[in-house]
Ligand code: H53
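Residue numbers (this note's numbering): 1 to 832.
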């Protein structure tokens, strides 16, 4: 090789400060096209990202080559959402060159923070489900597992939330506006995806009945690849996102204006498929475009998976030994019918063989029991958009129902629950049932959730297939959620127990004994204080509000949903406000209530609760009679980047959903890992958090899932009686009802009051109010004893080892996927 190229090649891989600095200057000029004088912060971000990407590419190719040479079994994680957030610090941190990069920028007179802050937050997801997918990608790469993410490259991510007069308003999230330095466009990786048309029956070469899908419209799926850097930089996996491209099949032949405009219109319409993420979290709205998005990315991914498989194999018999496909919720569940179609119609397999392969390849994760979130598409729509799939679904259903035990027992009610078709009203395809039936394993995301799955939505399936449901409690990646987000605490931890916890979070248990070490406690507090200062500055920038560092930072950050009960929190806030006003001479522990989270744009009740919190904030924050002992802030535009600032600074973690309704939660894990004490119900993974941290180190309150169930089964309760018997609650509600927080519109909160009273208080806010206040009081009392508080906070951090997504992914790998780590061979030069 030409020596000049060779040395440049080595330079590209070198991780020392000088090489980085030289690379930055070269990239700035030759790729961004600016000189140092004219470069903006954003230019520098692109420069640094491209130079870092250089250091990843060889290892990425090595990884892919190793998988190929070993013909390793891969796992494909199909997800409509990947909430990855920013990638620069993530890549630098996982490559271990954070300090080197900082120094290189320093030598150029640049601030690392400014560069980092110029990166847009990639919000290709709504909340927990999308962030879980991102944590899993990190864990798979960090453990050398051959894992691929497949999803959609939305042009617009989750909307940007702003407040106008306290109301949420949505703005488009243009994360790609200035280009995305991390991705590689693959214009040659292109698959056709069909829609509409009809099915034709014919006889195949051996005279058997066969089908073909004809007269359909086609859209092309084009791949964009983003490298996923594992911790240590050894394994670099791939996140492949599909973007919709129009085919050139349109008839541009007629050059009259009408035809031309129509053709262009068509192009725009097809490319709408990857235009925007649906902003609903755990609620379905059943729009046709959404269904088409689901099929679009699923079909492209399956075609890609089969293409890769066929590079090594001629028969499909081995597919389940070479590919595991995980369905992240029912969003890609149409993949069951699609794989059947591809195997039968395109590759000529017989039904039985195709079904055996499909079931052995797919597994399905359920993330919610909320009935409104379980996807059920109208049969008429599925028939029109995917006529061949509808046929296949009918056939799967017919074969299954004929053989089911329920049929044998003549149990018609059970049979109708098992059916893939909901026959009540306009007929619908139950995607959960399809996913269940087409998978060899089905999992819930916390122990409680999995048990409830067996007892409720999938009770009849569980009776048919008692070995299929399994639990995989969620986890979070300690790299992003402790090492990167909380450098102060991470450095403290590493100084005492070494760095092993970063890739083996179980080791963090060694900190438990440090809870009794007075010096360590002092340092732990110092780290928390540093994070609280950082958050206070952020709050001041975002809202103009000054908050006290010494106050309890009481944090509820998550999507806005009635079942998550931000309303319960704000009612407690009003009650606390009243108590402080009534008792001005008491020496109160100052409290800062911090809220953040987006509401689905069409979810009026959720938006009204946001407005209520902002209205309460306005009154409380300007009332001199509480002497700044209480502040309320609602931070706008909660996203991964904001979470990285808020979570390390929290003292209290609010996990207060109505028991039985939050499948798992993962914010609960992030907050506890960062040393916040949880106030929570026995819901989702809170139950397991309590087991890990011990009942003395968590504030549990409220009805249990079983009690909620009994209460509802026995005709509910009378919220008016509960309200009448609790003066603090009554007073808070009366204030809201009479316009104490909305003098400009005294009736504004009628819908909320109505829901809590005549509406029957479905989420049991009033029922849990008294016990919630008790838990809050206990927390406030404990906070006065700062040594005891810190002790418990340390125990929380030290007890979270089990909630690493490395543990979760390992369980999937061994118990569902049967995939194993592959050690890539790096034969390149210049690696560290
Ligand atoms: O998934 C998280 C859970 C959380 C659950 C959430 C979720 C979505 O974000 C979207 C759709 C859906 O069905 C569920 O609400 O409890 O922690 C990851 O499993």
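All residues carry an ideal CB built from backbone N, CA and C; glycine is no exception.
Exercise. What do you reckon, are the CB atoms on residue 242 and residue 291 nearer than 7 Å?
Worked result: Translated into positions along the chain shown, residue 242 becomes position 242. Translated into positions along the chain shown, residue 291 becomes position 291. Taking 7 Å as the Cβ cut-off, residue 242 and residue 291 do not qualify as a contacting pair.
Problem set entry | For residue 484 and residue 93, believed in contact at Cβ under 8 Å, the rounded distance | In the chain shown, residue 93 corresponds to position 93, counting from 1. In the chain shown, residue 484 corresponds to position 484, counting from 1. 5 Å between Cβ atoms; contact.
For this session: Please confirm whether any heavy atom of the ligand H53 lies closer than 6 Å to the CB of residue 442.
Result: Looking up residue 442 in the chain shown gives position 442. No, the Cβ of residue 442 stays beyond 6 Å of every heavy atom of the ligand H53.
For this session: Kindly identify the DSSP beta-bridge partner or partners of residue 223.
Result: Here residue 223 corresponds to residue number 223 of the chain shown, with the count starting at 1. Its beta-bridge partners are 186, 242.
Exercise. So, are the CB atoms of residue 430 and residue 422 less than 7 Å apart?
Worked result: Residue numbering aside, residue 430 sits at position 430 when the chain shown is read from its first letter. Residue numbering aside, residue 422 sits at position 422 when the chain shown is read from its first letter. A contact, by the Cβ cut-off of 7 Å.
Exercise. Where DSSP assigns a beta bridge to residue 237, which residues make up the other side?
Worked result: By 1-based counting over the chain shown, the position of residue 237 is 237. 228, per the DSSP bridge assignment.
Problem set entry | DSSP-derived helix/strand/coil call for residue 592 | To locate residue 592, count along the chain shown from 1; it is residue 592. Of the three classes helix, strand and coil, the one that applies to residue 592 here is strand, per DSSP.
For this session: Verify the contact flag: residue 664, CB atom, against every heavy atom of the ligand NAD, threshold strictly below 6 Å.
Result: For the ligand NAD, the structure offers nothing, since it holds only the ligand H53.
Exercise. Looking only at its own chain, which residues have a Cβ that is under 7 Å from the Cβ of residue 589, when we skip the five neighbours before and after it?
Worked result: For this step, residue 589 is matched to residue 589 along the chain shown. For residue 589, where only same-chain residues beyond five positions count, the Cβ hits under 7 Å are 552, 780, 783, 784.
Exercise. Buried or exposed: residue 321, going by 16 or more other Cβ atoms within 10 Å of its Cβ?
Worked result: Numbered from 1 along the chain shown, position 321 holds the residue referred to as residue 321. Answer is exposed; the Cβ neighbour count stays below 16.
Exercise. Skipping 5 residues on each side, what residues in its chain have a beta carbon closer than 7 Å to that of residue 49?
Worked result: Stepping through the chain shown from its first residue, residue 49 is reached at position 49. Answer for residue 49: 88, 181, 182, listed in chain order.
Exercise. What number of angstroms, rounded off, separates the C-alpha of residue 470 from the C-alpha of residue 809?
Worked result: Translated into the one-based positions of the chain shown, residue 470 becomes position 470. Translated into the one-based positions of the chain shown, residue 809 becomes position 809. Taking the straight line from one Cα to the other gives about 14 Å.
Exercise. DSSP three-state call for residue 335: helix, strand or coil?
Worked result: Position 335 of the chain shown, counted from the first residue, corresponds to residue 335. Helix, per DSSP.
Problem set entry | Inter-residue CB distance, residue 479 and residue 204 (contact presumed, cutoff 8 Å) | As a working mapping, residue 479 is identified with position 479 in the chain shown. As a working mapping, residue 204 is identified with position 204 in the chain shown. Not really, about 52 Å apart at Cβ, beyond 8 Å.
For this session: Return helix, strand or coil for residue 430, following the three-state DSSP convention.
Result: Your numbering for residue 430 matches position 430 in the chain shown. In the structure shown, residue 430 sits in a strand (DSSP, three-state: E or B).
Exercise. Near residue 509, what residues of its chain come up, given a Cβ to Cβ distance below 6 Å and the 5 sequence neighbours on each side ignored?
Worked result: Indexing the chain shown from 1 puts residue 509 at position 509. Same-chain partners within the cutoff: 798, 801.
Problem set entry | residue 471 - containing beta strand (DSSP E), residue span | Taking the first residue of the chain shown as position 1, residue 471 is located at position 471. Unbroken beta strand (DSSP E) run through residue 471: 469 to 471.
Exercise. Identify the residues that DSSP records as bridge partners of residue 193: which are they?
Worked result: The residue given as residue 193 occupies position 193 in the chain shown. Answer by DSSP bridge pairing, in chain order: 219.
Exercise. Where does residue 159 land, buried or exposed, given buried means 16+ other C-beta within 10 angstroms?
Worked result: On the chain shown, residue 159 is found 159 positions in, with the first residue counted as 1. Per the 10 Å Cβ criterion, buried.
Problem set entry | Integer-rounded CB distance, given that residue 354 should sit under 8 Å from residue 816 | Here residue 816 refers to the residue found at position 816 of the chain shown. Here residue 354 refers to the residue found at position 354 of the chain shown. That pair is no contact at about 21 Å.
For this session: Kindly indicate which three-state DSSP category residue 832 falls into: helix, strand or coil?
Result: Taking the first residue of the chain shown as 1, we reach residue 832 at position 832. Legend: pLDDT at residue 832 = 32, less than 50; position of this residue unreliable, value from coordinates given subsequently. Three-state result, residue 832: coil.
Exercise. For the ligand H53, is there a heavy atom less than 6 Å away from the beta-carbon of residue 473?
Worked result: Numbered from 1 along the chain shown, position 473 holds the residue referred to as residue 473. Flag unset: Cβ of residue 473 not near the ligand H53.
For this session: Locate the alpha helix (DSSP H) running through residue 554, then write down its first and last residues.
Result: The residue given as residue 554 occupies position 554 in the chain shown. Residue 554 -> not in any alpha helix (DSSP H); beta strand (DSSP E) instead, spanning 552 to 557.
Exercise. Between the segment 388 to 406 and the segment 223 to 235, do at least 3 Cβ pairs fall closer than 8 Å?
Worked result: no
Exercise. Where residue 416 and residue 392 are concerned, what is the direct C-alpha to C-alpha distance, given to the nearest angstrom?
Worked result: By one-based count along the chain shown, residue 416 stands at place 416. By one-based count along the chain shown, residue 392 stands at place 392. Cα-Cα distance, rounded: 19 Å.
Exercise. Near residue 284, what residues of its chain come up, given a Cβ to Cβ distance below 7 Å and the 5 sequence neighbours on each side ignored?
Worked result: Position 284 of the chain shown, counted from the start, is the residue given in the question as residue 284. Correct list, in chain order: 372, 373, 375.
Problem set entry | Given 8 Å, three or more beta-carbon pairs between the segment 571 to 580 and the segment 528 to 535 | no
Exercise. What alpha helix (DSSP H) runs, 4 residues minimum, are completely inside the segment 36 to 91?
Worked result: 41 to 70
For this session: Determine the burial state of residue 4: buried for a count of at least 16 other Cβ atoms within 10 Å of its Cβ, exposed for fewer.
Result: Along the chain shown, one-based indexing puts residue 4 at 4. Any reading at residue 4 is ruled out, since the residue's pLDDT is 48, under 50, leaving its predicted position unreliable.
Problem set entry | Given residue 303 as reference, the closest of 240, 47, 527, 824 once Cα atoms are compared | Numbered from its first residue, the chain shown carries residue 303 at position 303. The shortest C-alpha separation from residue 303 is found at 240.
Exercise. Which residues mark the beginning and the end of the beta strand (DSSP E) in which residue 348 is found?
Worked result: Counting from 1 along the chain shown, the entry for residue 348 is found at position 348. It is not in any beta strand (DSSP E) - residue 348 carries neither H nor E in the DSSP assignment.
Exercise. Thinking C-beta only, is residue 685 closer than 7 Å to residue 665?
Worked result: Position 665 of the chain shown holds residue 665. Position 685 of the chain shown holds residue 685. The answer is yes: Cβ separation under 7 Å.
Exercise. Any heavy atom of the ligand H53 closer than 6 Å to the Cβ of residue 281?
Worked result: By 1-based counting over the chain shown, the position of residue 281 is 281. Yes, the beta carbon of residue 281 sits closer than 6 Å to at least one heavy atom of the ligand H53.
Exercise. If you draw a straight line from the alpha carbon of residue 175 to that of residue 640, how long is it in whole angstroms?
Worked result: Taking the first residue of the chain shown as position 1, residue 175 is located at position 175. Taking the first residue of the chain shown as position 1, residue 640 is located at position 640. Those two C-alpha atoms are separated by around 14 Å.
Exercise. CA-CA distance, residue 80 and residue 149?
Worked result: Residue mapping note: residue 80 aligns to position 80 of the chain shown, counting from 1. Residue mapping note: residue 149 aligns to position 149 of the chain shown, counting from 1. Answer to the nearest angstrom: the Cα atoms are 10 Å apart.
Problem set entry | Cβ shell of residue 17 (< 6 Å), same chain only, five flanking positions each side left out | Taking the first residue of the chain shown as 1, we reach residue 17 at position 17. Only 100, 103, 104 meet the Cβ criterion.
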